[in-house]
Amino acid sequence: DGASVYDTLTVHITPVNDLPFTVEWPDTLTFTFGDTLYFEYANHFSDVEDDSLELGISVLVEPDGITARIDSAAYVIAFTSAGYTGIGSTEFTVHDSEGGVLETTAVLNVLLGVSDEGYFDIPGSYSLSQNYPNPFNPGSTIQFGLPETAEVTLKVFNMLGQQVATLVNNEKMHAGRHSVQFDARNLASGVYIYRIHAGSFVQTKRMILIK
């Protein structure tokens, strides 16, 4: 009755890299045209394995009138705007030492200060920009430029030609660059057309809603 049995169990341990993550993330970054916003990114990104100061970071901004400059020594990103006011967006890409990647976005809200009106960029011609982001869900920004005061109508249609939204309804608007928000939370996924009438200027563009 003193019999015994034994076996050997081999355990393989595979390390798993935790991705970087955000801390108290601001959905919107607001600053005034002509000023500089210094965003201390080290306070808003963290990682289990790496110190936040060791994380790599890159930034993309829209539209082109907004710029972002990374100061890796001070761990800040300097946002400025040259001739643009309204809503923009920025996309952050964060890398840790083991190849983990975090992508996150924030809205950029550029305000027009009273003292800056004389420096505001007046476009030389009418224009309608591509909405951003695109594809989008559920909101997107549409920007247009007016070289002079004009009555503006901006509407959205589905691919059957049916009107689904009126963003600007025959409003008299001053010369400059303008932006409006399109909220499509009540619409189905698909391709939509947005069309602007400003004076004698008419233009259409497509945008894609993906839910």
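Numbering of the sequence shown is given in this note's numbering, commencing with residue 27 and proceeding in unit increments. Glycine is no exception: its CB is placed at the ideal position from the N, C-alpha and C atoms.
Quick check on residue i: buried or exposed, where buried means 16 or more other Cβ atoms within 10 Å of its Cβ?
i: alanine 251; result: Look at the range of the chain in this structure, 27 to 237, and you will see that residue 251 is not part of it.
i: proline 99; result: Here residue 99 turns out to be alanine, not proline, going by the sequence shown. Classification of alanine 99: exposed, given that the 10 Å Cβ count is below 16.
i: methionine 185; result: exposed
i: glutamate 88; result: buried
i: glycine 216; result: exposed
i: serine 123; result: exposed
i: asparagine 163; result: exposed
i: valine 178; result: buried
i: leucine 35; result: exposed
i: arginine 203; result: buried
i: tyrosine 32; result: exposed
i: isoleucine 39; result: exposed
i: valine 37; result: exposed
Do residue j and residue i come within 8 Å of each other at the CB atom, strictly closer than that value?
i: tyrosine 218; j: valine 182; result: yes
i: valine 136; j: isoleucine 83; result: no
i: leucine 235; j: leucine 213; result: yes
i: aspartate 73; j: proline 41; result: no
i: proline 173; j: alanine 201; result: yes
i: histidine 70; j: threonine 48; result: yes
i: serine 153; j: leucine 134; result: no
i: isoleucine 113; j: threonine 192; result: no
Does DSSP classify residue i as helix, strand or coil?
i: alanine 68; result: helix
i: leucine 186; result: coil
i: leucine 79; result: helix
i: isoleucine 219; result: strand
i: glutamate 211; result: The residue asked about is misnamed: residue 211 is arginine in this sequence, not glutamate. Three-state result, arginine 211: coil.
i: isoleucine 39; result: coil
i: valine 178; result: strand
i: glycine 60; result: coil
i: threonine 119; result: strand
i: tyrosine 32; result: coil
i: glutamate 124; result: coil
i: valine 49; result: coil
i: aspartate 97; result: strand
i: glutamine 156; result: coil
i: histidine 200; result: coil
i: lysine 231; result: strand
i: valine 74; result: coil
i: alanine 224; result: strand
i: serine 107; result: strand
If I measure Cβ to Cβ from residue i and keep anything under 6 Å in the same chain, skipping five residues before and after, which residues do I get?
i: alanine 104; result: Thr62, Tyr64 and Arg95
i: glutamine 169; result: Ser155 and Ser205
i: leucine 86; result: Glu117
i: lysine 237; result: Asn163 and Ser215
i: threonine 230; result: Ile219 and Arg221
Less than 8 Å between C-beta atoms, sequence neighbours within five positions excluded: which residues of the same chain meet that for residue i?
i: valine 228; result: Arg221 and Ile222
i: asparagine 196; result: Glu177, Val178 and Thr179
i: glycine 126; result: Asn43, Asp44, Leu45, Pro46 and Asp73
Give me, in chain order, the residues of the same chain whose beta-carbon lies closer than 7 Å to that of residue i; leave out the 5 immediate sequence neighbours on both sides.
i: alanine 68; result: Ser78, Leu79 and Tyr101
i: arginine 211; result: Pro164
Rounded C-beta distance between residue i and residue j? I'm assuming under 8 Å.
i: leucine 55; j: alanine 176; result: In fact, because the Cβ distance is near 31 Å, the residues do not count as touching under 8 Å.
For residue i, verify whether its CB is less than 7 Å away from any heavy atom of the ligand GTP.
i: serine 123; result: No copy of the ligand GTP occurs in the structure displayed, which carries no ligand at all.
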